[in-house]
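Taking it in order: structure first as structure tokens, then the write-up.
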Amino acid sequence: MTVIPVDELRVADCYQCGKCTAGCPVAARMDRMPNQIVRLVQMGGFEAAIASAAMWECVSCQTCTTRCPKSVDCAGVMDKLRALSAERPSPEQARHHTILFQHAFLKNIRRHGRLNELELVGTFKAAVFAKNLEIPFLFKDALLAPRMLQRGKLKLAGGSVRDRDVVGRIFDRCLQSRDRQGAV
Amino acid sequence: MARIGVFTCWCGENIARTVDVEQVSAALGQLPGVHCSLDYKYMCSEPGQSLIQEKIKSENLDAVVVASCSPHMHLRTFRKTAANAGVNPYRVEMANIREHCSWVHHDRATATTKAIDLIRMSVAKVRWDEPLEPIKVPVTRRALVVGGGVAGIQAALDIADGGYEVVLVEREPSIGGKMAGLSETFPTLDCSQCILTPRMVEVGQHPRIKLYTYSEVEQVEGYLGNFTITIRKKARYVDTKSCTGCGDCWNACPIKRNPSEFDYGLGMRPAIYIPFPQAVPARPVIDKETCTRIKKGKGCGLCEKKCLTHSIHFDDQDELVSEKVGAVVVATGFKLYSIGQQQDDGATTGYGEYGYGKFKDVVTSLQFERLLSASGPTGGRVVRPSDGKEPKNVVFLSCVGSRDDAKGLPYCSKICCMYTAKHAMLYKHKVHDGQAHVFYMDIRAGGKNYEEFVRRAIEQDGARYYRGRVSRIYEENGKLVVRGADTLAGAPVTIEADLVVLAAAVVPATGVRDLARKLNVGYDQYGFLLESHPKLRPVETSAAGVFICGACQAPKDIPEAVAQASAAASKALIMFGHEELTREPEVARIDEKNCAACFTCVRTCPYHAIDKAELLTPRGVFVKRTARVNPGLCMGCGTCVAVCPSKSADLAGFTEQEIYAEVEALV
Amino acid sequence: MELGYYPGCALHGTSNDYEDSVRACLDALGVGLKEVNDWICCGATAAHSINHKLSIALPARNLALAEREGFGEILAPCPMCSMELLKASDLVKSDAALRQEMGRIVELDFEGRTSVLNLIQVFQKVGLDTIKAAVKSPLEGLKAACYYGCLLTRPPETLRFDDCERPSSMEAVIAALGGTAVEWNYKTECCGAGMTLANTDIVLDLSHKILTNAAAHGANCVVVACPMCHVNLDMKQADIERRTAVRHGMTIYYLSDLVGRALGLSDHTLGIDRHFVYGG
């Protein structure tokens, strides 16, 4: 059974007042409300929490954590769930655009040290296509490219980091290690 | 040579399970001076006590050691037992072999050895115990009540009706407190002023109540039964004796627009004013901050010109008066937590997200009471402060500042669930096509008829209750957008309200900490005054002769405040039922011939119980300076004994010889 | 005044108009910027969503680089970057074991001595009175909706900047420039942040609400200090209009744009003419 170490997030203190849900800008889109996600984690229902798509709708705006009367780090709970899911995503989740985007982003900065935006767009769209076979998505915003180019906003190459290899080593050390409770 | 009796208790199984009581009893019988050592199942019971008395008589004992529970439990019991059999009650020691031994150890052998050691220490001490006599102090049979809200009024009336004089000091221009400003009270929906004002009038007219309004306690000296209170009568600028309360002055005042304190800023009052029509006393005061004549020293004076009895005196000064009382009852009440602004202590941050202070139509619960009240700034019509229109959708937020570790106070303010239901009901009674929405976390309705009252608000008056907190309120197009949650339905809820009422947390009244320090009464981190024991002694404090009641002790509703006030009054009446009061004689004393007069003890005594004095010959000739303990004030803490460099200070009942005896009995 | 400078990926990529704007106006105010040598991406949303340790290590590397170069203070004009840097800085300062571990991971020892400033804090450091005195063309007619977004004020324990419920630091700068700031209700509501590509619909919906509220309160422009907010409100404005059938036509300025303009710099120098919604 998956156990998520969440002591430092003060999940046990939550008394389900719902203020997080009340202030969440995307709550209406979620299949489970933020307070319900915290409730699941509180009661050990980690699988159900990870199965919910709520954490991928979350925009990390920090409103929930900031206003919580019990100092529960609700945004932190979402982060923890995302991290766990990213490790072993279910097939549905593995197709979710946001996961694919975050992975593409990390791969990109791992290789270049800094973000190469053009490459990111390309790899992200390719990844979405590979998982979902959405052809229209490949061409979404394509018309934006020339307008960006016109405004000098499309850099064909990213900035150069001389010591790029250290970034790879940093990634390796972080992604392979586990903390005391076995979490990433 | 002392004749000591040692009585070891089984306390049922509490002691006997871990300590071999019979072995203990036998061992102690061997000690020199111990003429009787026996054990019994329940020493504190009647047969147990009789046993002790029998043995005192038959063995001619003059000192008693009871080995049982904590002295906090039964020291008084056994002292009485011994006294009734002719042994001085201060020649009684208790060895705690329960809380200090059987309840904290598991191993029988070591626990038994320890028990024997503990009792041996007590036997050594009791040998040195002097036959002390309780200290008698006279008692002034008058009471001071601080605070004229419903609790203070009740306490004052009870004591006065009991036959004793009461000095009632109230900070505001009139008595009545928060209850005078309410519209109706739960669960009966009695008109608040209708049930309170008869009491207020009774206080005002009572032959034994001396009422000081617009006054504060300046200084407190003395001790149980013998307090000297200095009261500051703030300058009213109106002679209350000659004034008839006709109102010509406040009608004439040109400065009409000061925010009214009684209306919590929703209404206006002139510079010379009476806080509300039923005020007791019905005499105005002048607010020196806004009165032109008083601020500038010249000009205006219209009120003085209008006054037919020449009762207005602009040269009034604060006056200090002295009153002697025997008991003090503190009933200073509460105020609401400041939302959205800097707090008194700077430690809490308020609620910027609710827009209080920014949006006119976000009000507090007490402000809403004034809107509901027939004698309020809108004559009892519920209208929006911004445009005077009737609100068709009113949102009530519970727990604003309460039950909030992060941004407010962690405790529950107790009364808000009930008054919010009341507000929802009264709003509906006044605005028939209005809709009340209540955001709550839990409903706390434990009192008599309380649950039924809340259900009535929901079932009969159609109030909509959403279980969830509100995250944010902002104003858009004249409406207040309330972003809340319904956790039971599992969805966010947005309501466009015309008016929002915040149930702000209950906190103690301003200045209570200063008053507490003057009275030597403790207070907690929120400023609530500390009772002696939360269960069994809810109205007494650590300061003998000072009692507390009402919301100054903790948030509470009117029935509880009134009950607690009567309880506090009864404690005062118990005191007054005696010709003189007794204090425990375990107080410090100073060997005045030996004292070096360094006065370190004077400086360190936490109760200010030691004075600088002079040792005189019988004819009054000065011999030397000395420190002198006031046995009335001394609480027997022993600090002076610890700091005295010349070993002149000692503590009766716990002398240095006695302590050494205990220690030496161990080694 | 010399400050270390951490541009972050956005300012060197799509939002390089922001960099032009920041460099030009700070130069005019006599603030020198020296880029942190060989800086790397702070990790942004991706790192903290995927791996906690990585989300500390990437900013930690940059703090270590800045410290090695001797910078006491660095400017990070992107609030995502400044928030991640500050979060990492707080964590390593309070946990010696973590600091050592991070030193090992990023291959550089450091103590976390460098402070991180956002753009508004740099203007405060220069002094609003100084800026006001240097104004050549006061921004008359400007009715700005100051938009802080999420990461300039939240989480308050990390950022310790302004008031997260009633911020006013940007308004103070606008006032110093002779402009008017409108009072409106979406100052700190999220625009959708880094979801621009991943979850575009959320961005369009949230940003639409922001633009609508700004207009409803009489603003003729929105001022931001975050490159993600700018992209969502400016570059995506056409998509918002298409999706909602509402014409916004709202100009989105970087705060540095307005400071620069008031100091007399041209739109071209400041990169304003490269915005998507540009009136000329």
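Protein chains in written order, with the working numbering: chain X, 1 to 184; chain A, 185 to 851; chain G, 852 to 1131.
Virtual Cβ for every residue (Gly too), placed ideally from N, Cα, C.
Between the CA atoms of residue j and residue i - distance to the nearest angstrom
i	j	result
A:S716	A:L799	38 Å
X:D79	A:S655	21 Å
A:I627	A:R392	43 Å
G:E1034	A:Y396	48 Å
X:R151	G:I1123	10 Å
A:Q748	A:L328	16 Å
A:R326	A:F552	39 Å
A:S506	A:V387	21 Å
G:G923	G:N888	15 Å
G:L877	G:F961	28 Å
G:G1030	G:G1000	20 Å
X:R180	X:I50	Residue placement at X:R180 is poorly supported in this model, since its pLDDT is 45, which falls under 50; the coordinates still yield a value, given next. Distance between the alpha carbons of X:R180 and X:I50 is about 21 Å.
A:R311	A:R263	16 Å
Residue i burial status per 10 Å Cβ neighbour count (16 or more: buried)
i	result
G:L1002	buried
G:A948	exposed
X:L133	exposed
G:C997	buried
A:V847	exposed
A:S830	exposed
A:G270	exposed
A:S495	buried
X:H97	buried
X:G44	exposed
Spatially closest choice to residue i from the options, by CA coordinates
i	options	result
X:E119	X:N108, X:F171, X:T65	X:N108
A:V546	A:I188, A:R467, A:A688, A:A605	A:A688
A:I456	A:C596, A:A463, A:V469	A:V469
X:R111	X:L154, X:D172, X:G23	X:D172
X:E57	G:A1044, G:L970, G:P858, G:H1081	G:A1044
X:R29	X:D13, X:D165, X:C20, X:A54	X:A54
G:T1039	G:P930, G:G1100, G:L1121	G:P930
X:P89	X:D165, X:H103, X:R10	X:H103
A:R648	A:K663, A:L664, A:H607, A:N633	A:H607
A:G868	X:Y15, X:D13, X:T21, X:E92	Residue 868 of chain A lies beyond the residue range present for chain A, which begins at 185 and ends at 851; the question has no answer from this structure.
Chain X within 9 Å of residue i, Cβ atoms only
i	result
G:A895	yes
G:E958	yes
G:C904	Rather than Cys, the amino acid found at residue 904 of chain G in this sequence is Lys. Interface residue, yes.
G:R950	no
A:V677	yes
G:R1094	no
G:L909	yes
G:D805	In this structure chain G extends from 852 to 1131, so residue 805 of chain G is not present and cannot be described.
Residue-level contact to chain G via CB, residue i, 9 Å cutoff
i	result
A:G536	yes
X:V72	no
X:V166	yes
X:E92	no
X:K155	yes
A:E659	yes
is_contact[residue i, chain A] using C-beta, thresh 9 Å
i	result
X:R32	yes
X:T63	yes
X:A27	yes
G:G1122	no
X:C17	yes
X:L115	no
G:C1015	yes
Spatial neighbours of residue i in its chain, beta-carbon cut-off 6 Å, leaving aside the 5 residues before and after
i	result
A:E776	L799, T810
8 Å CB neighbourhood of residue i in its chain, flanking five on each side removed
i	result
G:K1087	T1047, T1051, V1054, L1055, S1058
G:T965	G855, L914, A917, E918, F922, G923, E924, I925, S940
Residues of its chain near residue i, where Cβ-Cβ distance is below 7 Å and the 5 sequence neighbours each way are ignored
i	result
A:A735	G517, F518, V690, A745
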